[in-house]
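Numbering (my numbering), first residue to last: 2 to 211. Below is one structure, written out as structure tokens; comments come after it.
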Amino acid sequence: MFITFEGIEGCGKSTQIKLLHDKLSASGADVVATHEPGGTHAGAEIRKILLRSGSGPMDPVTELLLFSAARSELVNAVIMPAILQGRHVLCDRFHDSTFAYQGHARGVDIEVVRTVTQIATGGLTPERTIVLDLPVEAGLDRAMSRMMTVKNPEARFEEEGVRFHSLVRDGFLAIAAEDPDRVKVVDATGSVEDVQALIVKELRDILPLG
Ligand code: TYD
């Protein structure tokens, strides 16, 4: 199974993916967790260009192409090989982030996003996608308080305002409304344990989760 996790900044994806990964591994499943942008040598280099704090605006189509280049590398070097070996893949962000951030929020034509995504993924689509949803202010508060303790050198998107992140959130909710069989919206405002339980509920039919 290929499962992706999406949501605005501070929605708690990485914590939840780690918990789910550990739960699946403990039950004997062969599972790989990876993330975007990154997960490969080229992807990590592209990530630095995209996320460097204070590096200012970038042309939205350039952004689209860079995220997509990192995705193409990840699909070919990590995701497809793992799937072909019969492993489960959990991916922190995938093509829905491009539709929400570069499409809905930055305003790149959705048909252009679709075409480039098709090229980058070769048509690979997750079996299921979990959107961790919470109000933008709550997400940004979490992201900011994290940055107070550890300076984040990769905060170019966190530096965008509430309006931008509201467009991103609306983008994810619109994607879920268009594709309800694949994309499940989970309320991410509760405790780590509560949110994990909601995620497990949405994945129990396709993963060995008891
Ligand atoms: P990251 O530090 O991985 O943040 P998070 O923990 O929120 O996933 O940064 C990834 C950033 O890149 C995040 O702000 C969302 C953005 N992004 C896009 O704009 N388009 C994309 O296609 C992807 C994959 C990410």
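Heads up, the beta-carbon is just placed ideally off N, CA and C, and yes, glycines get one too. All values derive from a computational prediction rather than experimental measurement.
Helix, strand or coil at residue i according to DSSP, with G and I counted as helix
i	result
residue 44	helix
residue 165	helix
residue 155	coil
residue 64	helix
residue 21	helix
residue 188	strand
residue 124	coil
Alpha-carbon spacing of residue i relative to residue j, whole angstroms
i	j	result
residue 118	residue 24	31 Å
residue 177	residue 183	8 Å
residue 40	residue 168	27 Å
residue 127	residue 181	13 Å
residue 98	residue 159	14 Å
residue 185	residue 203	7 Å
residue 85	residue 30	15 Å
residue 6	residue 131	5 Å
residue 1	residue 211	A query on residue 1 cannot be resolved here, the shown segment of the chain reaching from 2 to 211 and no further.
residue 15	residue 114	25 Å
residue 48	residue 28	33 Å
8 Å CB neighbourhood of residue i in its chain, flanking five on each side removed
i	result
residue 22	32, 34, 91
residue 191	199
residue 164	none
Cβ neighbour criterion (16 or more within 10 Å) applied to residue i
i	result
residue 101	buried
residue 8	buried
residue 57	exposed
residue 38	buried
residue 166	buried
residue 207	exposed
Cβ neighbours of residue i in the same chain (closer than 6 Å, five flanking residues each side left out)
i	result
residue 55	none
residue 36	93
residue 80	90
residue 154	54
residue 105	168, 172
residue 67	47, 51
Cβ neighbours of residue i in the same chain (closer than 7 Å, five flanking residues each side left out)
i	result
residue 122	72, 76, 96
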